[in-house]
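Remarks on the structure that follows.
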Amino acid sequence: MKIDGGLLILLMLLPFAGSAVVALFRSNAHNVEAVFAGAVSVAGLAIAISLYPSVMDGGVVRSQIEWLPAYGLNFNLRMDGFAWMFAMLVTGIGLLVVVYSRYYMSPEDPVPRFFSFFLAFMGAMLGVVMAGNLILLAVFWELTSIFSFLLIGYWYQNASARDGARMALTVTGVGGLALLVGMLLLGHIVGSYDLDTVLASGNIVRQHPLFLPTMLLILLGALTKSAQFPFHFWLPNAMAAPTPVSAYLHSATMVKAGVFLMARLWPVFAGTQEWFWIVGVAGLSTLVLGAYFALFQQDLKGLLAYSTISHLGLITVLLSLGSPLAAVAAIFHMMNHATFKASLFMAAGIIDHETGTRDMRRLSGLFRYMPYTATLAMVASAAMAGVPLLNGFISKEMFFAEAVETHMVSVLDTVTPYLAVVAGLLSVAYSLRFIHSVFFGPLPNDLPRKPHEPPHWMRFPIEFLVLACLVVGIVPSLTVGPFLHAAVVGVLGRETPPYSLAVWHGFNLPLLMSAIALTGGVALYFALKNYLAVSEEGPPWFRRIGGHRIFERILVTLSWRWARLAETHLGTRRLQPQLRLLVLVALIAGSLPFYRAGAAAGILPVIPADPAFVLLWLIGAICAIGAAVRAKYHRLSALILLAGAGLVTCITFAWLSAPDLAVTQLLVEIVTTVLILLGLRWLPKRWADPDPMPVKIGARIRRYRDFLIAVVGGAGMAFLAYVIMTRPASSRLGDYFVRYAYTEGGGRNAVNVILVDFRGFDTFGEMAVLGVVGLSVFALLRRFRPAADSVESPDQQKIQNAYDEAREDRKVGDTLSDYLSVPAVIMQWLFPVIIVLAIHLFLRGHDLPGGGFAAGVALAIAFILQYLAAGTRWVEDHLRILPLRWIGFGLLSAALTGAGSWFFGYPFLTSHFQYAELPWIGKVPMASALLFDLGVFLLVVGATVLVLIALAHQSIRSHRTDRFVATLPKEDA
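First residue of the sequence shown? That's 532 in this note's numbering, and the numbers climb one at a time after it.
Next up, the structure:
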């Protein structure tokens, strides 16, 4: 692997590793975690800077790790000049925000959690900009939505933070799903998911029949992420996040992901009528409406949020025009907007931090208290307004120049210059309002805190960014010219046009448009100044089209109308109708392939049945039928019969030479039977009807219907098994696994090799599902409150308690406990024996019946026996069981085993085996799949014991209730 390629991997993994480490810091380590997060950001920035020579002249740095090469899915990282520019913004502004956060965040907050989320989000954003594979880009895209949700909802105790996070995740998550489908279609059209191949296939994509749906789906993802109309409403509601989060998400990362994607795929989609109209209408609407909304905001961060929306609309309009020069202007404005918007958000945070409010109706005259901060904020606001000799002026001039050009003869092209001037005028007005209403005017007299200048290092990030605004605005060619050229070449390639970053282009139409915007904006602000000082977030119609109410109405419609309608027709609180629906859907899905393919039995003759085997199956069938009948009247007997059917299944596996399945089935039967037995106590009691009524005709029909469904389902499974088992051996997939189990997987037990090697990726997914199920069951049982008739102790427990009380009073000799003490001691003694058995099953699993799953279930049985024999309190006092860590380490072991193959140039989860020479033992087969199997073992133990602990603590809770009731007077009890 090339050094540059290795640096790409390091750059992407570094923030995620830092996130995992900082999450382990103590909650009061206020300085340490900030220093650590800053060090991670500095390291990332240094790596990005070191990669510049490789991308400065149109070069591309690539790194490829095989993931699923058979499906064209590889872990490709790719950095050109455009990705490098964004990597610099993500790491550079991220570093400044970390420095700022050190002074902004309160020591009372869980700051390690903040920096953990922050670094993870940084890594996700770096993954988006460096992804060289469409599917990988979609994965990192969703990660940005998840981590932004966590950052926006950081102060989860506030309802506004929870609502804002939920809204952001809902909108961007739906867009992310659309983006994934669009990426799948785009890869299908091109025939590859490799980004380089896609970017070189623009003509193929634009001429394909699926071009329009593909573009619409991808644009849905991009427009929702960048808060473009009509999806603009989520961004202002995300202002409930801490100000460092707002500064980072709204300047260089989250909302820039959408315009980044549109610029990245510009060579593929741009230049078509569809792209021009869809992107152009969305961009122009966002440009004007965002600027208008910003003018009427009373919250400082609200004003900046809507101004962000408007400037993103400006970038979107430029990308819609299909002109290479417009694309240059769009990329340049991405850079400029990141600098002045990050500084403005941090200035707003300082004002809030030092005064205790962000309400502009209460803020005025702050220049006298904080002149340095005020000066910095004024320069940044001027850059946002497009004042000459600042960076925002140059990119806005380029925008005006492109707006007056004719790109496609249409109404939209005609109105673009006029709307651009209107948006520029509004931009000047809200920028001037930010300056004038906050820093000038009378001194404030009702602020929660007396304002003063912040610490120097809290102001330093703003000073650095404002200096960048000035330097770029005065000498753009010398300061930012080479970096902009590298970014433009990364997007346009050979279509890069000649362009100028000169500050002065003479007296021309764009200069006139700028002059009209500046003078008109100043006049508009002073005309509305008195109204804005007392208004309630603008005119009434403004509040109706803000989008927030529309979003809430959509959610209400979905949850209260459509969901209720679906629940009425498809949902029920009874388990039987739900199972009936699932079985019917499964029957239909299973029948369709037979109907289409016309599957029939094979040519192999049927082997005569052994009478003993037939008798065994008859016993199993009787147990199954008996369990179904008794389930309505006596659950314990139904469970015993069900266990009998499972035991027959176990014997069947052993009979048919499948000892691995037999061992697993037996162990699973033990665990499930005991856990269900422990859970039976908490189900509502069934009372026998002393005078049963005759079965009604409707009930009888329902029984016949259910019986028919059961017969059809069973017959279908029997027919499927018959079709498969009568096929010749040459058509069976199992022959392949048997043949290559040892040569490719290093094991003679084909079943285990299949699970941990051939289909290890499926097993890894099943591990995750099992972990989620264990956590879900635990969470449900923690909130579970049994029925009133189940809280009282069972009759057996009452008899036991009576015996114990009688023995204490010396009224009787031996008690029931004395008779149970012998098996209890035996069960406790079995603990080390079963541990040895579990280790034995684990170590032999790759060659003989056993494996991680069987060993995990066996060890879970050992813990179950301890809980049954000694009780919950004794076990947890003597055995330190941490099932959550078992689950976590299990998933981590499996994931690291799979990722380890990448470092040797092989696809994910590629296993390796060889013989190791051990002293006194000799040659021992060693397979890397053993570590994967270890993950299975740990996770199975953790998930099973987690459920067991939840059931055990339910019993403790009930016992405490019994003891409390026993202390009450009889009339109260």
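For glycine and all other residues, C-beta sits at the position ideal for the given N, C-alpha and C.
A quick note: this is a predicted structure, and the numbers were derived from the prediction, not measured.
In chain order, what residues of the same chain lie with their CB nearer than 7 Å to the CB of residue i, ignoring the 5 residues before and after it?
i	result
GLY575	LEU542, LEU545, PRO546 and THR622
PHE1125	none
ALA1272	GLY1278, ARG1279, ALA1281 and VAL1284
LEU539	VAL592, SER594, LEU608, MET610 and MET661
HIS983	GLU885, TYR900 and MET901
SER679	PHE652, ALA699, LEU780 and MET785
Spatial neighbours of residue i within its chain, please: CB distance less than 6 Å, with the 5 preceding and 5 following residues excluded, ordered by chain position.
i	result
MET532	Low per-residue confidence applies at MET532: pLDDT is 41, beneath 50, and the placement is therefore not dependable enough to give any value.
HIS864	ILE846 and SER926
SER550	SER647, LEU650 and ALA651
MET929	ALA860
Out of the options, state which residue places its alpha-carbon closest to the alpha-carbon of residue i.
i	options	result
ALA1058	LEU963, PRO1108, PRO985 and GLY1021	LEU963
LEU1522	ARG1375, TRP1360 and GLY1421	Outside the displayed span of the chain (532 to 1504) sits residue 1522, for which this structure offers no information.
THR1180	ALA1159, GLN1196 and ARG693	GLN1196
THR1441	GLY1419, VAL1284, VAL1308 and LEU1422	VAL1284
PHE1309	TYR837, LEU1206 and ASN976	LEU1206
ALA1391	TRP1451, GLY1431, LEU1470 and GLY1466	LEU1470
ARG633	GLU936, HIS884 and ILE1240	HIS884
ILE862	ALA1018, SER838 and GLY752	ALA1018
PRO902	LEU711, GLY1157 and PHE971	PHE971
PRO584	PHE606, SER558 and ASP611	ASP611
ALA813	ALA758, ALA1054 and TYR1056	ALA758
THR728	GLY663, ARG1105 and ALA879	GLY663
TYR1446	LEU831, ARG737, SER1459 and GLY1419	SER1459
TYR1056	LEU826, ARG1270 and GLY1175	LEU826
TRP672	GLY704, ARG644, ARG693 and MET698	GLY704
PHE1373	VAL1287, PHE1435 and PHE1444	VAL1287
ASP890	VAL573, ALA1131, ALA1132 and LEU978	LEU978
ASP725	GLY589, ILE596 and PHE764	ILE596
PHE898	VAL1269, LEU974, LEU943 and LEU1399	LEU974
Over the uninterrupted alpha helix (DSSP H) stretch that includes residue i, give me the two end residues.
i	result
ASN922	922-934
TRP988	987-1005
PRO638	Premise fails: PRO638 is in no alpha helix (DSSP H) and is neither H nor E.
TYR1273	1265-1276
ASP1293	1291-1314
THR1441	Per DSSP, THR1441 belongs to no alpha helix (DSSP H) and is neither H nor E.
GLY1245	1228-1256
ALA908	902-916
ALA1046	1040-1065
Looking at residue j and residue i, is the spacing between their C-beta atoms short of 8 Å?
i	j	result
SER895	SER816	no
CYS1000	VAL910	yes
SER647	VAL553	yes
SER1432	LEU1462	no
VAL1022	ALA858	yes
LEU1032	GLY1004	no
LEU716	THR745	yes
LEU875	ALA908	yes
LEU700	ILE749	no
PRO1029	VAL935	no
GLY718	LEU665	yes
GLY1473	GLY1421	yes
ALA1369	ALA1389	yes
THR870	LEU996	yes
ILE881	ARG990	yes
GLU933	LEU843	no
Looking at the unbroken beta strand (DSSP E) that takes in residue i, where does it start and where does it end?
i	result
LEU608	604-610
VAL790	Not the beta strand (DSSP E): VAL790 falls in the alpha helix (DSSP H), residues 787-795.
GLN595	592-599
Should residue i be flagged as near chain D, meaning a C-beta pair shorter than 8 Å?
i	result
GLY1245	The structure shown contains no chain D; it is built from a single protein chain.
Only counting the same chain, and skipping five residues up and downstream in sequence, which positions put a Cβ closer than 8 Å to that of residue i?
i	result
PRO1190	PHE1184 and PRO1380
MET1298	GLY1421, LEU1422, ALA1425, GLY1466, VAL1467 and LEU1470
ASN1061	none
Exercise. Using 8 Å as the threshold, is the region 816-827 in touch with the region 952-961, meaning 3 or more CB pairs across them?
Worked result: yes
For this session: Could you tell me whether the region 634-647 touches the region 605-617, using the rule of 3 or more Cβ pairs below 8 Å?
Result: no
Exercise. Taking three-plus beta-carbon pairs below 8 Å as touching, is the region 767-786 in contact with the region 676-695?
Worked result: yes
Exercise. Are at least three pairs of beta-carbons, each pair with one atom in the region 849-856 and one in the region 831-841, less than 8 Å apart?
Worked result: no
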